[in-house]
Amino acid sequence: MAGAVVACLLVAGAATAGSRSDASPSAAAPTTLIYAGASDPTYLDPALVSDGESFRVTKQIYESLVDFAPGTTRLVPSLATSWSVAKDGRTYTFNLRGGVRFHDGTRFNAAAVCANFNRWFNFSGPFQDASATYYYQTVFSGFRRNENATLGKPLFQSCRAAGQLKAVIKLTRKNGPFVPSLVLSAFAIQSPTAMARYGANQGTIRNGVFAPTGTYPFQHPTGTGPYRLEKWTVGESVILRKNPTYWNKKQPRLARVIIRPISDNTARVQALQTGEVFGMDLLAPQLVATVRGNSRLKVLSRPAFNVAYVTIQSAKPPMNDIRVRRAVAYGLNRQLVVNSFYAGRGQVAHEFMPPSLPGYAKDVTKYSFNPTRARDLLRQAGCGPPCKIEFWYPTGVSRPYMPDPKANYEAFKASLEQSGFDVQTTSMPWRPDYVKHVNEGTAGHLNLIGWTGDYADADNFLGTFFQGFSPQFQERNPALDRLLDRAEQETNQAKRVALYKQANRLIMQNLPGVPYAHSTPALGFQKRVRGYYTSPIGTDLFKTVFLGGQ
Amino acid sequence: MLRFVVRRLLLLIPILFGVSVLLFFWVRALPGSPAESLLGERATPELVEAYKERYGLNDPVWRQYVTYMDTTVKDRDLGISVATHRQVTDEIRLRFPATVELALTAMLFAVSFGIPLGFIAAKRYGGPVDHGSLFLSLIGISVPIFVLAILLKYVFAVQLGWLPSVGRIDLLIETEHPTNFYLLDAIIVREWATFVDVSKHLILPAIALGSIPLAIIARITRASVLDVQNEDYVRTARAKGMSPGVVDRRHVLRNALLPVTTVIGLQTGLLLSGAILTETVFAFPGMGSWLRDAIFNRDYPVLQGGILFLAFVFVLINLLVDVAYAFLNPRIRYSG
């Protein structure tokens with residue numbers, strides 16, 4: 002019997018499945034895209050998640066008031082066709098798209114928009130936990146009734162439906178990043194009817210972990226997006242089916258999208274090679290050549306939206322001397338590191354934000370590798386050479402902006418020693434020790450770290466790093482603080498851009514750290530996948546995708 | 065026999081209690097805590113500290129254990145995963161069938177090839193077949209599973225394209241899974257093409273996973289057959305003029321397989337304990353890949369609940385092996 006079954010299993014290799022709803026993945030499959038991510042979504046209520054794998058799915062099911070033009074960080078209309086801000090700088094009027102329905106058949110209108118804003122604003126109990134509403138707390142600071150001391154004064158004040166298709170949102174203070182931040186999937190508009198029916202506002206905290214208890218985020222996510230959830234088999238697949246009533250009649254172009262979790266980098270690429278998936282995200286730099294070398298596959302790049310940098314503890318001698326900080330900047334051979342360890346997918350960073358963002362200044366002080374200049378500066382500062390410093394790097398981690406921290410570190414150490422520094426090495430596991438020490442300002446004089454942006458606004462980079470006191474940099478710069486406060490509150494885009502350019506110039510003169518790389522993450526596809534645009538913030542839309550011949 | 069079974073079942077309580085204590089202290093000995101996983105690397109130190117304080121992660125470990133057991137017993141579940149925010153019991157219900165299916169297929173492969181290999185080696189004792197089987201079983205034991213898994217996958221999936229490289233089923237197949245045991249489901253809904261497809265997905269991970277049990281079974285079978293075939297009752301049977309085939313089948317193999325049964329039971333328990341590396345290489349959605357992620361995420365509830373469940377399964381299978389042994393060998397009697 003056993004032998005018979007084994008024989009059956011072995012001969013199975015020659016047989017083919019007959020109940021496919023579509024063509025074989027290795028043959029033409031014109032209506033279904035199978036796409037590999039790294040893990041399952043957490044759940045499908047975008048207001049309550051903060052991870053990329055969840056947003057990958059929710060971005061297809063839900064839409065926000067505004068969006069990015071495909072593949073860019075340029076704001077374009079989505080569920081709102083236009084918007085304006087009143088003279089007070091706090092009142093925003095959104096004109097909404099007509100004829101849009103949620104997947105449950107209910108109408109999308111201003112009342113639905115306000116229901117969503119009010120839902121977020123009125124979150125209480127477990128929903129105020131940072132693990133539940135990270136992005137709401139990041140952008141809107143607080144709730145109607147804050148239940149813990151770490152929350153701030155809420156940015157949101159009220160939302161009013163001024164007719165079916167006009168929503169008026171009032172903020173408590175001026176805030177420039179407000180509209181750009183609405184691109185985040187966390188602020189997508191959901192069906193109030195479905196949320197009420199399936200318990201979207203039910204949740205609990207057990208042993209410190211937030212968990213929704215209604216069925217809404219697992220079985221009934223309901224938005225206006227081009228795809229609706231058909232089935233979610235944990236660990237195996239999320240199946241999305243075309244929304245037949247989608248407002249843009251030309252989209253989506255595929256009948257189904259299947260997203261499967263494959264956590265292992267190599268396994269994802271092999272599934273692409275065998276044709277079991279048609280596209281994949283998070284292609285590791287060392288595997289790019291494998292994909293490029295296959296005539297049936299292609300590599301796409303995600304625009305750089307991150308920055309790797311070396312923090313300088315500017316309160317810690319000798320780094321309190323600007324000349325030593327400049328010596329560090331001249332002593333780091335950033336071009337060598339980018340050329341050697343980013344597999345052709347990086348560029349040297351000259352600022353703490355990516356070049357694609359408005360506010361990037363082309364005329365900041367630049368520091369090319371110059372060991373002679375670095376030694377001169379150290380002599381002037383009276384620190385050696387050799388000038389003794391501690392330099393830390395993390396172990397057990399690879400980040401898109403820093404694929405190989407140890408290699409980066411070793412190259413930097415060599416170039417700093419060539420430039421007159423005596424570098425003492427410390428390494429620690431990324432979590433929890435390294436990140437904790439760097440964030441608390443208890444790490445070395447210099448430390449490797451980085452950041453990937455959440456939304457397309459300079460505030461998400463410069464505001465995060467330098468607005469107020471940051472222990473990571475030990476930077477107290479009242480002039481920069483004032484500049485960033487003004488930029489945050491400015492609602493005139495041209496003026497905001499000018500303020501951020503000014504901030505960038507100031508930062509690169511004062512050198513609280515040295516940015517060194519922006520990387521362009523890679524994605525792998527079969528050549529027949531067309532119409533795929535890579536989003537800088539990682540939430541790609543599948544509605545434009547179609548499958549052609551090989 | 066009944067008293068023996070009841071006593072063994074009662075013994076489960078202190079065993080599981082001991083395992084739960086060990087697990088609880090072990091996961092807390094790992095560097096880091098769920099706070100960092102939950103809040104992400106962007107969390108400020110104040111937020112991490114506030115979180116630890118609020119949820120008792122700064123309390124003494126014994127107090128945390130008491131709270132954990134209290135909540136577990138009161139709520140009758142194993143908690144909520146830090147990474148997926150789902151009930152641990154729900155995750156087990158979803159993932160365990162995949163692991164069972166893979167483990168049983170791997171064991172089927174190991175038994176189907178291990179026993180004949182061991183038997184033939186014993187019958188050709190000292191010859192090239194015997195040496196060959198010893199060499200093969202040595203390789204089976206020594207080559208790490210993940211190396212074999214990667215190798216098999218590279219050759220048969222990536223290069224030759226004969227078999228799938230990831231998952232349990234071709235995702236373009238639309239079918240129902242009433243039990244989550246996909247082979248069984250395919251039989252229930254009478255979809256033979258699906259049965260074939262699921263089988264194809266099992267072949268490579270089962271071979272990789274079954275390689276060690278195969279080697280062990282082959283070696284134990286060989287040793288046992290060598291032992292038994294020199295017994296008096298085998299010589300008597302031969303002297304009575306029974307054909308060699310009948311002697312081997314009725315007297316040698318039947319008796320030689322007794323110790324093999326124990327090994328099969330123990331190895332099945334081990335395979336069910338989660339094939340972490342194999343499941344990761346083949347993106348097989350079972351308990352192993354889930355526990356691997358839990359280790360990286362410091363997912364205390366999953367590590368505690370998941371491993372406790374697997375310990376329960378392991379102990380239960382051992383009990384079944386002991387009971388089966390008694391049935392197979394009438395000479396064995398279990399005293400109360």
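Quick note, the sequences are listed as chains A and B, same order.
Note that the working numbering has the first sequence beginning at 2, numbered continuously upward.
Note that the working numbering has the second sequence beginning at 65, numbered continuously upward.
Beta carbons are placed, not taken as given, at the ideal position from N, Cα and C, and that holds for glycine.
The beta-carbon separation of ALA270(B) and SER197(B), rounded to 20 angstroms, does not stay under the 8 angstroms limit for a contact.
Listed by position along chain A, the residues whose Cβ is nearer than 9 angstroms to that of SER229(B) are ALA268, GLN271, ALA272, GLN274, THR275, GLU277.
Residues of the same chain with a CB within less than 8 angstroms of the CB of LEU255(A), apart from the 5 flanking positions on each side, are THR32, THR33, LEU34, LYS243, PHE543, VAL546, PHE547, LEU548 in chain order.
Within the stretch 391-479 of chain A, the complete alpha helix (DSSP H) runs of at least 4 residues fall at 406-419, 436-441, 463-467.
Around the beta carbon of MET354(A), 16 or more other beta carbons lie within 10 angstroms, which makes this residue buried. Residue pairing from DSSP places PRO78(A) in a beta bridge opposite VAL67(A). LEU172(A) is a Cβ neighbour of ARG91(A), given a cutoff of 7 angstroms. Sequence-distant Cβ neighbours of ASN493(A) in its own chain, meaning closer than 6 angstroms and more than five residues away, do not exist here.
Apart from sequence neighbours up to five positions away, the residues of its chain that approach ALA170(B) with a beta-carbon distance below 6 angstroms are ALA270, LEU273, GLY274, LEU335, ordered along the chain.
ARG257(A) has THR33(A), ARG242(A) as its beta-bridge partners, per DSSP. Secondary structure note for GLY294(A): it is in no alpha helix (DSSP H), with a DSSP letter that is neither H nor E. Taking all protein chains in view, the Cβ of ARG362(B) is crowded by 16 or more other Cβ atoms within 10 Å, so the residue is classified as buried.
Rounded to whole angstroms, TRP84(A) and GLY200(A) show a C-alpha spacing of 32 angstroms. Apart from the 5 residues on each side of it in sequence, THR246(A) sits with its Cβ closer than 6 angstroms to the Cβ of ARG102 in its chain, given in chain order. Between the beta-carbon of ARG335(A) and that of ALA518(A) there is about 7 angstroms, and that keeps the pair under the 8 angstroms contact cut. Interface with chain A (7 angstroms Cβ-Cβ cutoff): ALA250(B) is excluded. Assignment of GLU237(A) by DSSP, reduced to helix, strand and coil, places it in the coil class.
Residue environment analysis places LEU283(A) among the buried positions, since at least 16 neighbouring C-beta atoms fall within 10 angstroms of its C-beta. Taking a contact as a CB-CB distance under 8 angstroms, the pair GLN191(A) and THR223(A) counts as one, their CB atoms being some 6 angstroms apart. PRO537(A) counts as buried, since at least 16 other C-beta atoms from the protein chains shown sit within 10 angstroms of its C-beta. For PHE210(B), the enclosing alpha helix (DSSP H) begins and ends at 209-216. Between the C-alpha atoms of VAL349(A) and GLN425(A) there is a straight-line separation of about 25 angstroms. With a threshold of 7 angstroms between beta carbons, ILE144(B) makes contact with chain A.
Within its own chain, the residues whose Cβ lies closer than 8 angstroms to the Cβ of VAL339(A), once the five positions on either side in sequence are excluded, are GLY347, GLN348, VAL349, TYR517, ALA518, listed in chain order. The beta carbon of SER238(A) sits closer than 7 angstroms to some beta carbon of chain B. GLY514(A) places its beta carbon less than 7 angstroms from that of ILE313(A).
Interface annotation, LEU380(B): not in contact with chain A, CB-CB separation never under 7 angstroms. Annotated three-state conformation of SER84(B) is helix, per DSSP. Separation of VAL152(B) and TYR361(A) (C-alpha to C-alpha, rounded to the nearest whole angstrom) is 46 angstroms. Per the C-alpha coordinates, the member of TYR36(A), VAL67(A), SER65(A), ALA70(A) positioned closest to GLU54(A) is TYR36(A). Non-local beta-carbon contacts of GLY451(A) in its own chain, meaning distances under 7 angstroms to residues more than five positions away in sequence, involve ASN307, VAL308, ALA309, TYR310, ARG400, TYR402, MET403 in chain order. In the DSSP assignment, GLY178(B) falls within the alpha helix (DSSP H) that extends over 152-187. For ARG92(B), none of the residues of chain A pass the 9 angstroms Cβ criterion, the least Cβ distance being about 13 angstroms.
Take GLY106(A), set aside five residues on each side of it, and no residue of its chain has a beta-carbon closer than 6 angstroms to its own. In terms of CA proximity to TRP354(B), ARG157(B) leads the group ASP261(B), VAL298(B), ARG157(B). With respect to LYS317(A), HIS446(A) sits close: the two C-beta atoms are nearer than 7 angstroms.
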